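Student: Line order of the protein sequences matches chains A and B. Quick note: the first sequence uses full-length UniProt numbering, first residue 1, plus one each step. Quick note: the second sequence uses full-length UniProt numbering, first residue 1, plus one each step.
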Amino acid sequence: MKIKIQGGRVIDPAQTLDEITDLYIQEGQILALGEAPEGFIPEEVILAEGKVVCPGLIDLCAHLREPGETQKGTIASETAAAAAGGITTLITPPTTRPVVDTPAVAELIQDRAADAGFCRVLPMGAMTQGLKGEQLAPLHALASSGCIAFTNMRLAYSDSLVLLRCLEYAATFDLLVVFQAQDASLAAKGCMHEGANCTRLGLNGIPEAAETIEVARCLLLIEQTGVRAHFGQLSCERSVHLIASAQKRGLKVSADVAVHHLLLCDEQISGFDSALHLQPPLRGALDRAGLRQGLVTDILAAICSDHQPQDLISKQAPFAETAPGMSALETLLPLSLQLVEQKLLELPQLIEKLTLGPARILGLDAGSLAPGSQADICIFDPEESWVVNEETLRSAGKNTPFFGQTLKGRVCATLTGGKVVYRRH
Amino acid sequence: MLSPTPADSIQLTADGQLKHFLTTEGLPQALLTQILDTADSFVDMGEQQVKKVPLLRGKTVANLFFEASTRTLSTFELAAKRLSADVLNLNISTSSTAKGETLKDTLMTLRAMHCDMFVVRHSASGAAHFIAEQVTPDVAVINAGDGRHAHPTQAMLDMLTIRRHKGEFTPLKVAIVGDILHSRVARSQIHALRTLGVAEIRVIAPMTLLPRHIESLGVKVYTEMSRGLRDVDVVMMLRLQKERMQTALLPSESEFYKLYGLTEAKLAYAKPDALVMHPGPINRGVEIESAVADGPRSLILDQVTNGIAVRMAVMSMAMSGQLTQQNTLTSSAAAYEA
Chain A
1 MKIKIQGGRV
11 IDPAQTLDEI
21 TDLYIQEGQI
31 LALGEAPEGF
41 IPEEVILAEG
51 KVVCPGLIDL
61 CAHLREPGET
71 QKGTIASETA
81 AAAAGGITTL
91 ITPPTTRPVV
101 DTPAVAELIQ
111 DRAADAGFCR
121 VLPMGAMTQG
131 LKGEQLAPLH
141 ALASSGCIAF
151 TNMRLAYSDS
161 LVLLRCLEYA
171 ATFDLLVVFQ
181 AQDASLAAKG
191 CMHEGANCTR
201 LGLNGIPEAA
211 ETIEVARCLL
221 LIEQTGVRAH
231 FGQLSCERSV
241 HLIASAQKRG
251 LKVSADVAVH
261 HLLLCDEQIS
271 GFDSALHLQP
281 PLRGALDRAG
291 LRQGLVTDIL
301 AAICSDHQPQ
311 DLISKQAPFA
321 ETAPGMSALE
331 TLLPLSLQLV
341 EQKLLELPQL
351 IEKLTLGPAR
361 ILGLDAGSLA
371 PGSQADICIF
381 DPEESWVVNE
391 ETLRSAGKNT
401 PFFGQTLKGR
411 VCATLTGGKV
421 VYRRH
Chain B
1 MLSPTPADSI
11 QLTADGQLKH
21 FLTTEGLPQA
31 LLTQILDTAD
41 SFVDMGEQQV
51 KKVPLLRGKT
61 VANLFFEAST
71 RTLSTFELAA
81 KRLSADVLNL
91 NISTSSTAKG
101 ETLKDTLMTL
111 RAMHCDMFVV
121 RHSASGAAHF
131 IAEQVTPDVA
141 VINAGDGRHA
151 HPTQAMLDML
161 TIRRHKGEFT
171 PLKVAIVGDI
181 LHSRVARSQI
191 HALRTLGVAE
201 IRVIAPMTLL
211 PRHIESLGVK
221 VYTEMSRGLR
231 DVDVVMMLRL
241 QKERMQTALL
251 PSESEFYKLY
261 GLTEAKLAYA
271 KPDALVMHPG
281 PINRGVEIES
291 AVADGPRSLI
301 LDQVTNGIAV
311 RMAVMSMAMS
321 GQLTQQNTLT
331 SSAAAYEA
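1. Apart from the five residues just before and just after A/GLN135, which ones in its own chain have a Cβ nearer than 7 Å to its Cβ?
2. Taking the alpha carbon of A/ALA209 as the point to measure from, which residue in A/ARG200, A/GLY232, A/ILE377 and A/ALA184 has its own alpha carbon closest?
3. Between B/ALA175 and B/GLY261, is the Cβ-Cβ spacing less than 8 Å?
4. Provide the residue(s) that pair with A/GLY205 in DSSP beta bridges, ordered along the chain.
5. For A/LEU362, is the classification buried or exposed, using 16 other Cβ atoms within 10 angstroms of its Cβ as the cut-off for buried?
6. Which residues in the same chain have their Cβ closer than 6 Å to the Cβ of B/VAL43, if we skip the five residues on either side of it in sequence?
7. Mark A/PHE150 as exposed unless 16 or more other C-beta atoms lie within 10 angstroms of its C-beta, in which case mark it buried.
8. Terminal residues of the continuous beta strand (DSSP E) containing B/TYR269?
9. Can you list, in chain order, the residues of its chain with a C-beta nearer than 8 Å to that of A/GLY290? Leave out the 5 residues immediately preceding and following it.
10. How is the beta strand (DSSP E) around A/CYS304 delimited, first residue to last?
11. Please confirm if the segment 39-57 of chain B is in contact with the segment 308-325 of chain B, defined as three or more CB-CB distances below 8 Å between the two stretches.
12. Identify the continuous alpha helix (DSSP H) that holds A/VAL388 and give its terminal residues.
13. Residue range of the alpha helix (DSSP H) that B/PHE76 falls in?
14. What is the DSSP secondary structure of residue 373 of chain B, counted as helix, strand or coil?
15. Nearest-angstrom Cα distance between B/GLN303 and B/ALA186?
16. Answer yes or no: does any C-beta atom of chain A fall closer than 8 Å to that of B/SER69?
17. In this structure, how does DSSP classify B/TYR257 when only helix, strand and coil are distinguished?
18. Just the Cα atoms here: how many angstroms apart are B/ILE142 and B/LEU210?
19. Given a cut-off of 8 Å, decide if B/MET277 and B/LEU299 are closer than it, judged by their beta-carbon atoms.
20. Can you list the beta strand (DSSP E) stretches of 3 or more residues lying completely in the segment 375-414 of chain A, in chain order?
21. Which runs of the alpha helix (DSSP H) fall wholly inside the segment 287-329 of chain B and span at least 4 residues, in chain order?
22. How would you label B/ALA30, buried or exposed, when you count the other beta carbons within 10 angstroms and need 16 or more for buried?
23. Three-state secondary structure (DSSP) at B/LEU240?
24. Looking at the structure shown, is B/GLU224 part of a helix, part of a strand, or coil, going by DSSP?
25. Let's test the definition: count the other Cβ atoms within 10 Å of the Cβ of residue 341 of chain B and tell me whether it reaches 16, buried, or not, exposed.
26. Under 7 Å, CB to CB, which of the residues in the segment 169-194 of chain B have a partner in chain A?
27. Using a Cβ-Cβ cutoff of less than 7 Å, which residues in the same chain neighbour A/GLY190 once the five nearest sequence positions on both sides are dropped?
28. Would a C-beta distance cut-off of 8 Å place A/ALA187 and A/VAL215 closer than the cut-off?
29. Check whether the Cβ atoms of B/THR23 and B/GLY321 sit closer than 8 Å, and answer yes or no.
30. Does the pairing of the segment 114-131 of chain B with the segment 155-173 of chain B give three or more beta-carbon distances under 8 Å?
31. Quick check: is the beta carbon of A/THR199 nearer than 8 Å to any beta carbon in chain B?
32. Alpha carbon to alpha carbon, what distance is there between B/GLN241 and A/THR79?
33. I'd like the list of long-range same chain contacts for A/PHE402, defined as Cβ closer than 7 Å, with 5 residues on each side in sequence excluded.
34. Residue ranges of each alpha helix (DSSP H) run of no fewer than 4 residues wholly in the segment 311-367 of chain A, ordered along the chain?
35. Might you give, ordered along the chain, the residues of its own chain that have their beta carbon closer than 8 Å to the beta carbon of A/GLU390, omitting 5 neighbours on each side?
36. Where B/GLU47 and B/GLU287 are concerned, what is the direct C-alpha to C-alpha distance, given to the nearest angstrom?
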């Protein structure tokens, strides 16, 4: 299929490109930019005047709920939502049922994603068997079956020795290790940031130290083992400082943040709105400022959705008894664009955090529109407004605190490997 | 939704009447005073030969206790009966939830039975808010304690007890002593005392029993009884649950008693006419010395008596607010159809 994307503002941070031009696609790859290659006759022309054309977004953390919790979402439903959100590659955590600790589960996820055909899905493998924090999972076999990285998510390693062994083993094969850092004993039964609002509401808090202690412990062992490591969905300003000083010392560590942590804080939980029951929790206003600063100074190299779809019933209970998380694939781009509106980032900088940034963290050959790259492309209208509601959300999870709100910035079309996987009519 | 829903918007009708009683936070001073005035009129009624008034005649009050309680349940039951309501006591902790029914399904079932008021106790903070959201506008909800969040009728009976003995709130210094961290009573007391305008609210506890940022609620924090009790007019003790000793919160009951138990010696730091209160049930020799609990300044039994009056007051007020709202909804619906 030969496609021409015509007249859009093409932004590709990988080539430091930001200009109005045309894009030519052939056999799933970017063939050329600007002038049409000789003899190129497009079978389809996508008109992109007034739109932004950028690499397809790469989302570092999205729960798809399959296998095991398909009442909350399926690989088909959630990858369709991802495509509607301009995402062409997503990384999915191993917290499925069964967990991704055998090649069979890793392959099942990739096969179903390929059948659905909306976007590339790269599973993260479990670091320990059953995510129980006790015995190593078969990291090498999992990596051979397509696992892009390894994590124990927020489930505890039974002790520091197990953690050390995991990192040493991962370092042996130069595998990427991901931390969603949270000390289990300090987080205990907590359901929101331990701040003034938490005290007022009488909820169990998750103190800042639950994250910072675990970040600090992991950094010390990363330094000792030399493993490649990434910290996902940081929520505290002090964590950003810890990562910054480690990077300064030359450690191979990177970090990302979920977009809602850049926009919301714990003060918003004024009632007991379960849509704001998130994990990691929304922190204080100073933490939010610290995360935003970390983004500007490139300590945080990527923004992710941290998509956690829930069914209705999981959110209909007293706050602490509800399931945490928000449905976030389709709001990732419009919420991120608010950072440009708020003059925190320029648009090309923002796009880098959503494309090239995560690609580099993963060591993926993606996130670029340079000729020869796979044609993973997002075309969006930065000015178009839309209302987040039952009809507009494709995800099975309707659990978003932005439900009912009007957001600016809407995806017009998404191409994965040169194939149009989403188009808004 | 990200638009803040202040606590009062769910508790009050459009014209400011009480329709649910979920928390003392955010309610206007005039409304708290109205609760106290109404309760005052019920206090003496308990001493009369005929103890009933017909304010809730024909109404059904369901006591939904998801957490075991004898004292609070009996005072709510008595209050409802003295208002002539039909009363249904449901100890749900041992029935539906054990069968796997969700809270929402339990509520829908009970609503279908056409109860007019739910009195709710639940171990999760925010449970009363959740229930009120689910059953509005058919049923009035009274919070009888939700997690660590609120126990507003307890706080108001404490306020009534203070007012009946001290008259005015504004000159008073009040100290709340003990397990502030786990206490819904303390939180509700703090909000009520602030709104009623006392001069100073203090909390006294070891750091392990103080929630972080407690000072943001407008209290002064003390860790020593000798300093915290100095010149106070009212000492409000909190119950200390025995299971707190099993974690690293406290070393032992005896050490807690030595440092924070209210003895006659420690009470001497307070003003000579200081009042002593406790929500009960009391642990003698843990939070309070028997001589103090049974002494002339102890109002512990007054609190129980006042508790029934306060519960009658909020039940009758919430029911009347609820009816006003239902009538408004019906008439606006009729107007819309017309």
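For each residue, glycine too, the CB sits at the ideal point set by N, CA and C. Note that this is a predicted model, so its numbers are computed, not measured.
Tutor: So, from the listed chains and residues:
1. Closer than 7 Å at the Cβ level, and outside the excluded window around A/GLN135, lie THR128 and GLN129.
2. Nearest neighbour of A/ALA209 by Cα position, chosen from A/ARG200, A/GLY232, A/ILE377 and A/ALA184, turns out to be A/ALA184.
3. Their beta carbons are not under 8 Å apart, which means B/ALA175 does not touch B/GLY261 by this criterion.
4. Answer is A/MET192.
5. Answer is buried; the Cβ neighbour count reaches 16.
6. A distance below 6 Å between beta-carbons, with the five flanking residues on each side excluded, links B/VAL43 to the following residues of its chain, in chain order: ALA309.
7. By the Cβ-count criterion, A/PHE150 is buried, with 16 or more other Cβ atoms from all chains shown falling within 10 Å of its own Cβ.
8. Counting along the chain, B/TYR269 sits inside no beta strand (DSSP E), nor does DSSP assign it H or E at all.
9. Non-local beta-carbon contacts of A/GLY290 in its own chain, meaning distances under 8 Å to residues more than five positions away in sequence, involve CYS236, GLU237, ARG238, VAL240 and HIS241 in chain order.
10. Run containing A/CYS304: 302-304, per the beta strand (DSSP E) assignment.
11. Below 8 Å, enough C-beta pairs join the segment 39-57 of chain B and the segment 308-325 of chain B to call them touching: three or more.
12. Boundaries for A/VAL388: no alpha helix (DSSP H) harbours it, and the DSSP string shows neither H nor E there.
13. That run of the alpha helix (DSSP H) goes 71-82.
14. Because residue 373 of chain B is not part of the residues shown, which for chain B are 1 to 338, the question remains open.
15. The C-alpha of B/ALA186 is placed about 15 Å away from the C-alpha of B/GLN303.
16. With respect to chain A, the C-beta atom of B/SER69 has no partner C-beta closer than 8 Å.
17. In the three-state reduction of the DSSP assignment, B/TYR257 falls in the helix class, which pools H, G and I.
18. Roughly 27 Å between the two C-alpha positions.
19. Closer than 8 Å, so yes.
20. Listed in chain order, the complete beta strand (DSSP E) runs (minimum 3 residues) inside the segment 375-414 of chain A are 377-387.
21. Runs of the alpha helix (DSSP H) inside the segment 287-329 of chain B: 290-293.
22. B/ALA30 comes out exposed.
23. If DSSP states are grouped into helix, strand and coil, B/LEU240 belongs with coil.
24. Coil at B/GLU224, not helix or strand.
25. In the structure as shown, chain B starts at 1 and stops at 338, and residue 341 of chain B therefore has no counterpart that could be examined.
26. Within the segment 169-194 of chain B, ARG184 and ARG187 place their CB atoms closer than 7 Å to a CB of chain A, listed in sequence order.
27. Around A/GLY190, the same chain offers ASN204, GLY205 and ILE206 as residues with beta carbons nearer than 7 Å, after the five sequence neighbours per side are excluded.
28. With respect to A/VAL215, A/ALA187 sits apart: the two C-beta atoms are not nearer than 8 Å.
29. Result no, Cβ atoms of B/THR23 and B/GLY321 do not sit closer than 8 Å.
30. Because the criterion of three Cβ pairs below 8 Å is not met, the segment 114-131 of chain B and the segment 155-173 of chain B do not touch.
31. Answer yes: the Cβ-Cβ gap between A/THR199 and chain B drops below 8 Å somewhere.
32. Going by the C-alpha atoms only, they are around 50 Å apart.
33. Cβ within range, chain order: THR331 and VAL388.
34. Those alpha helix (DSSP H) runs which fall completely within the segment 311-367 of chain A and span 4+ residues are 312-315, 332-341, 347-354 and 356-362.
35. Same-chain partners within the cutoff: LYS398.
36. Each residue's Cα considered, the two are about 31 Å apart.
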